[in-house]
Amino acid sequence: MNHIIRATPQLFPALGDVWEASVRATHHFLPEGEIETLRPLVRDCYMPALQVFAYLNEQNIPLGFMGAGDDRLEMLFVAPEARGQGIGKTLLRYGVEVCGVQELDVNEQNPQACDFYRHMGFEVVGRSERDGEGRPFPLLHMRLAE
131 MNHIIRATPQ
141 LFPALGDVWE
151 ASVRATHHFL
161 PEGEIETLRP
171 LVRDCYMPAL
181 QVFAYLNEQN
191 IPLGFMGAGD
201 DRLEMLFVAP
211 EARGQGIGKT
221 LLRYGVEVCG
231 VQELDVNEQN
241 PQACDFYRHM
251 GFEVVGRSER
261 DGEGRPFPLL
271 HMRLAE
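Residue numbering for the sequence shown is 131 to 276, as defined by our numbering.
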């Protein structure tokens, strides 16, 4: 049976693989060099600083994960081969219900993700021209509608 677990550092390398595959499938605006730079940061810096929850299949293989800090969703990625199965919805609902997620940022250049979060009840409350690292990738700031 598929299930969600709190990810331990031993799982971070496999989640890094999910991250990379997901980014390559959805973040076409990111140059190869950015992906290569971000991969170890996601695995070694960002994940350890967050509450990370992995969605595992019956064989305990991660198909997606989310990371939250305080009331913010900081990351949500689903393996490309597992998209469209409700995994993202399940993880986001878990984040809202268990972690108290109320806010998130999404790359404006990822329209599928923007539409997903709107569909899940989030609304745009602001915009930044640059991402959190200062790179020219605009972000939409979203909050769960009341």
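Each residue gets a CB set at the ideal place from its N, CA and C atoms; glycine is no exception.
So if DSSP puts residue 239 in a beta bridge, which residue, or which two residues, is it bridged to? Answer is none; residue 239 lacks a bridge partner.
Quick check on this structure: which residue in 162, 150, 257 and 255 has the alpha carbon closest to the alpha carbon of residue 205? 150
Between which two residues does the beta strand (DSSP E) carrying residue 197 extend? 192-199
Own chain residues within Cβ distance below 8 Å of residue 164, not counting five before or after: 265
Boundaries of the alpha helix (DSSP H) in which residue 207 is found, first to last residue: Segment 202-208 is the beta strand (DSSP E) holding residue 207; no alpha helix (DSSP H) there.
Since residue 252 sits in a beta bridge, which residues does DSSP pair it with? 274
Could you please give me the residues that DSSP links to residue 182 through a beta bridge? Partner residues in the beta bridge of residue 182, as assigned by DSSP, are 197.
How close, in whole Å, do the beta carbons of residue 226 and residue 274 come, if the pair is a contact with beta carbons under 8 Å? 7 Å
Taking DSSP as the reference, what is the three-state secondary structure of residue 188? coil
Where residue 141 falls: helix, strand or coil (DSSP): helix
Residue 169: first and last residue of the uninterrupted alpha helix (DSSP H) it sits in: 162-171
Of the residues 237, 169 and 246, which one's Cα is nearest the Cα of residue 223? 246
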